[in-house]
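Read through the structure below, which is laid out as structure tokens, and then see the notes.
Residue numbers (the working numbering), protein chains in the order written: chain B, 49 to 586; chain Z, 49 to 586.
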């Protein structure tokens, strides 16, 4: 019998919405929260529950005798946190994480990226790469990813199927790139028509896989203006509008100065880079624009007026020397911003790393020569800049990583926090027990210290406030601190404890039959696709 | 019977010295290298040894039947790499790693740093903190650290003793800070005389602990100019010169613009910040200056002419919004540069993270408004800047982390590479086996994938060159990849495999009697000090 709720008990940390201009603060609550296993949504919470006895009383009172209980253990400094939302990641580039040398955007594409992406036409390779990237992002607490795939339909379909099977929310985009003047002959759509029909084929697969878009949805993905013909851009704009609601769209904008110049050269008839997308009906309120490092202020205003969203990818922007996106200016212009890893321009699949990098580069922004002076700035504003107006607080960065991302993917009401009615897409963070190496205890204590070392490198000394613990997590934490991850109330990742295999952990966590079939079956890739399509995970 | 050599077999990666202006490249060698257990120095190598049979022939031929053999396993993508040298780290600040909010240098000192440092007068707390920081730095491959301690003599002595006992090379500096106009009443030396005598007491302890400075040496540590009286600076300069060879010196310089202004206000009679140190005989060829973000060109020339060294601390400089140190300019000025974590201005105890951050910020430097135009720059130079002259390659960053650091601590002939006569201070890096999730293998394969995931997050797909593997390590690796660490040819850290405790691993690795006493003894802190002083680890 399915229990009527799943009960989560312990410390819950999230970032409440604030009024524009107000300071973001952590909400730190202790108590119980319950989720409907049927819908995966939060049904209620009670922050007055402060002991095991209170919890048992609640269970008795509510008739929840069969309920599964998940506890965040105080002595292990555990807390529940909303799942991270990665608003910009290139799944096929994952094997190139860390490989970029000293390149910048345009030579990086040619040297590292196009050759790898083109090889993902091989389904076996795609299976290996996509499985790995899903494992790594889930292990880092990413419950939702907006993926760029490649131009290949079968491999892109496979990515959608794998996300769906493993329970990760995703937007899946087959890349459109048909401009022979920019794209290499070995890796491009052979015509605008071909580009469009391949895209429709991928959309049809995703709609058949997940008709209600419970987990996986399609997203139109013109790579960026230079890779696309006018005809292709026009047809994608029309395709988006022809659906109800309109299809999501994702692309890149103003990442690098040479790229901005290239767009001016290729599209001289448009007033700006953003203007190119706007003229092709691609600047909608369901559009995600990655980077936005070098936008002019008129472009920022245009994007704000269209309700398009921006994915800030600081790790990538530093790694490729693109620059520092002026996030405060974007927010002040009224634009919705989330964070992206931009694997593999970004070297890490972790949104926690993206949050760190967002904080770091915002602290360097005061030292940059802002190429585009803000026309509205005056002495007072400039003084504020000097005082750190542009600095993102840790709380603000975590907001971008959760609620910001939820708004970017149009799910602000459903994701990003612990509110009644929201989906329970969350991670259980374990910082580990308090560091203590008393001299008077010998070998056994050292041994346990060492074990705890292997599980977390966040060192809690015992005198930290909860806010300080969260700050330590942000700056020194990693995937070792992500004990479990849920999407729609179901476990999608779990760290094995005491060297239990993840297989056993997954079984214990109640994975469904479809997953079992996948694990135990001796199946070829194409057969796998069929099974996965028929036996949906949720 | 002690074997006459320790044999290391497998892949060795280091960064050879290059002529000024030449490109740094990885040296990647496969073969055998042998170390004298008595001296800890590399006695020789043979890069023609390419199989187990070759190795056994070498052993037989050389009469090394009893030799211990350490293998870097090719199938685990393992390689030996020189130990990292952290040229600037504040051991007592470690518990504040990640706690700095949105502060900048001067308010960070007051809010976060002085209160924590002052509490380290408690020896039990100091023991806990210092043990933890040594564990974490060793676990991250740091074989040498130049530590700032606190003003407290017993706790600073304890830090020296712990480093010595655990086998980490260190420079240990009791902090001198006696200026009542800057230092808080609760945390300062009460007079210049007291500051000097406490410093001498600490030096005496270290010289008695390690008379030949085999592992641990003292370093004079005026915190930075604003914390010190003229008298104190003068007496430290004299004290350094009174020893033969002169004592090492470390301090901070030009980290933050407000700090630079403060120094101008406090020391109006000197031409510059560097000029203050120079006037007090503190700018010697054994001086380590941390940060150097905002030096003028005359200051760079002065530092170069004195042969003083610079510790580049990019993670800290970004975290506290200090700015980006122009490392290329410093190198071109002829200054020796190494890397520092600057815990806890820096949030991470890892020099690998410092190397990453050095690469990242160098790629952002082109976007900064360089406050100090180089008087020698001309159109040609500026063009070069635009083309990325200021970018540090990954190889250059690794050079700074090893050979650069060795030069900064005056051990360029002894540390930083795999050359005959150098100490074997090294780490064995394990990237793990190749990522592979074939569909046709089921549960067992998934299980092993998961286990490997827990050990490394560097994903090797099998098509990477050795150079690419090293790049992946730099960008995505962490302490999980540091399988073992040696100082002077002895194991000082070892990752437990298959959940063996580090205790057992340490025993197996042949830790000495002093360490055993420490582990099994039921000793108070003061008794511990006595035992450790008498029973030297090496």
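Quick reminder that beta carbons are idealized off the backbone N, C-alpha and C, glycines included.
Given the structure is predicted, the values throughout are model-derived calculations rather than measurements.
message: Here's a check: name, in chain order, each residue in its chain whose Cβ is nearer than 6 Å to the Cβ of residue 473 of chain B, leaving out the five neighbours to either side.
response: So the list reads 131, 191, 463 and 535, once near-sequence residues are dropped.
- prompt: What residue range is occupied by the uninterrupted beta strand (DSSP E) comprising residue 132 of chain B?
  reply: Per DSSP, the continuous beta strand (DSSP E) segment holding residue 132 of chain B begins and ends at 132 to 138.
Residues bridged to residue 616 of chain Z [DSSP beta-bridge criterion]: There is no way to answer for residue 616 of chain Z, as the model of chain Z reaches only from 49 to 586.
- request: Run the CB neighbour count on residue 370 of chain B, radius 10 Å, all protein chains shown included, and call it buried at 16 or more, exposed below.
  value: With 16 or more Cβ atoms within 10 Å of its Cβ, residue 370 of chain B is classed as buried.
message: Which residues does DSSP list as the beta-bridge partners of residue 101 of chain Z?
response: Answer is none; residue 101 of chain Z lacks a bridge partner.
field: Same chain only: Cβ atoms within 6 Å of residue 76 of chain Z, ignoring 5 sequence neighbours per side
entry: Correct list, in chain order: 61 and 514.
Local conformation of residue 57 of chain B per DSSP, three classes: Of the three classes helix, strand and coil, the one that applies to residue 57 of chain B here is strand, per DSSP.
- request: Go through the stretch 182 to 263 of chain Z residue by residue and report every complete run of the beta strand (DSSP E) that reaches 3 residues or more, in order.
  value: Uninterrupted beta strand (DSSP E) stretches at least 3 residues long and entirely within the stretch 182 to 263 of chain Z occur at 190 to 196 and 217 to 221, given in chain order.
task: Indicate whether the contact test is met: 3 or more Cβ pairs, each with one atom in the stretch 447 to 463 of chain B and one in the stretch 154 to 170 of chain Z, closer than 8 Å.
output: Because the criterion of three Cβ pairs below 8 Å is not met, the stretch 447 to 463 of chain B and the stretch 154 to 170 of chain Z do not touch.
task: Pair every Cβ in the stretch 220 to 228 of chain B with every Cβ in the stretch 148 to 155 of chain B, then say whether three or more of these pairs are closer than 8 Å.
output: Touching, no.
message: Quick check: is the beta carbon of residue 516 of chain B nearer than 8 Å to any beta carbon in chain Z?
response: Chain Z, which has a Cβ nearer than 8 Å to the Cβ of residue 516 of chain B, makes this yes.
message: By the 9 Å beta-carbon criterion, what residues does the stretch 521 to 547 of chain Z contribute toward chain B?
response: Those residues of the stretch 521 to 547 of chain Z that come within reach of chain B (Cβ to Cβ, closer than 9 Å) are 521, 522, 523, 524, 525, 526, 527, 528, 543, 544, 546 and 547.
task: Let me know the secondary structure DSSP gives residue 503 of chain Z once reduced to three states.
output: Helix.
query: Which chain Z residues are close to residue 408 of chain B, counting only those with a beta carbon under 7 Å from its beta carbon?
result: For the C-beta of residue 408 of chain B, the chain Z residues within less than 7 Å are, from N- to C-terminus, 366 and 367.
field: heavy atom of the ligand MG below 7 Å from residue 266 of chain B C-beta
entry: Questions concerning the ligand MG fall outside what the structure shown contains, since it holds no ligand whatsoever.
field: Residues bridged to residue 477 of chain Z (per DSSP)
entry: Residue 477 of chain Z is bridged to Z:127 and Z:530.
Residue ranges of each beta strand (DSSP E) within the stretch 65 to 94 of chain Z, 3 or longer: Here the runs fully enclosed are 75 to 83 and 90 to 94.
message: residue 445 of chain B and residue 403 of chain B - do their beta-carbons sit closer together than 8 Å?
response: Cβ distance < 8 Å, so residue 403 of chain B and residue 445 of chain B count as in contact.
message: Rounded to whole angstroms, what is the Cα-Cα separation between residue 133 of chain Z and residue 385 of chain Z?
response: When rounded, the distance between both Cα atoms is 12 Å.
- prompt: Where does residue 234 of chain Z land, buried or exposed, given buried means 16+ other C-beta within 10 angstroms?
  reply: When all chains shown are included, residue 234 of chain Z counts as exposed.
- prompt: Does residue 411 of chain Z get closer than 8 Å to chain B when you measure Cβ to Cβ?
  reply: Cβ-Cβ to chain B under 8 Å: yes for residue 411 of chain Z.
field: Spatial neighbours of residue 275 of chain B in its chain, beta-carbon cut-off 7 Å, leaving aside the 5 residues before and after
entry: Around residue 275 of chain B: 225, 227, 230 and 231.
field: Minimum Cβ-Cβ distance from residue 176 of chain Z to chain B less than 8 Å
entry: Yes, contact with chain B.
query: For residue 65 of chain B, is the classification buried or exposed, using 16 other Cβ atoms within 10 angstroms of its Cβ as the cut-off for buried?
result: Result: exposed.
- prompt: Mapping DSSP to helix, strand and coil, what is residue 468 of chain Z?
  reply: Coil at residue 468 of chain Z, not helix or strand.
field: Simplified DSSP assignment, three categories, for residue 491 of chain Z
entry: Any reading at residue 491 of chain Z is ruled out, since the residue's pLDDT is 34, under 50, leaving its predicted position unreliable.
message: Between residue 129 of chain B and chain Z, is any beta-carbon pair separated by less than 8 Å?
response: Taking Cβ atoms only, chain Z never reaches closer than 8 Å to residue 129 of chain B, which makes this a no.
query: On the premise that residue 253 of chain B lies in contact with residue 205 of chain B, defined as a C-beta separation below 8 Å, what is that separation, rounded to the nearest angstrom?
result: About 4 Å separates the CB atoms of residue 205 of chain B and residue 253 of chain B; that is less than 8 Å, so the two are in contact.
message: Taking a contact to mean a Cβ-Cβ separation below 8 Å, would you say residue 480 of chain B touches residue 124 of chain B in this structure?
response: In contact: residue 480 of chain B and residue 124 of chain B (Cβ atoms closer than 8 Å).
message: With distance defined between alpha-carbon atoms, name the residue in B:542, B:447 and B:461 nearest to residue 73 of chain B.
response: Of the candidates B:542, B:447 and B:461, the one whose C-alpha sits nearest the C-alpha of residue 73 of chain B is B:447.
field: Whole-angstrom distance between residue 71 of chain Z and residue 439 of chain Z, CA atom to CA atom
entry: Put simply, the backbone Cα of residue 439 of chain Z is about 12 Å away from that of residue 71 of chain Z.
- prompt: Could you give the uninterrupted runs of the beta strand (DSSP E) lying entirely in the stretch 278 to 350 of chain Z, keeping only those of 3 residues or more?
  reply: Correct list: 296 to 301 and 335 to 339.
- prompt: On the three-pair Cβ rule with 8 Å, is the stretch 136 to 146 of chain Z touching the stretch 514 to 523 of chain B?
  reply: Output reads yes: the stretch 514 to 523 of chain B touches the stretch 136 to 146 of chain Z.
query: Would DSSP call residue 524 of chain B helix, strand or coil?
result: If DSSP states are grouped into helix, strand and coil, residue 524 of chain B belongs with the helices.
field: Strand pairing of residue 541 of chain B, partner residues [DSSP]
entry: DSSP output for residue 541 of chain B lists B:533 as bridge partner(s).
- prompt: Taking buried to mean at least 16 other C-beta atoms within 10 Å of its own C-beta, is residue 139 of chain B buried or exposed?
  reply: With a 10 Å radius around the Cβ and a threshold of 16 neighbouring Cβ atoms, residue 139 of chain B comes out buried.
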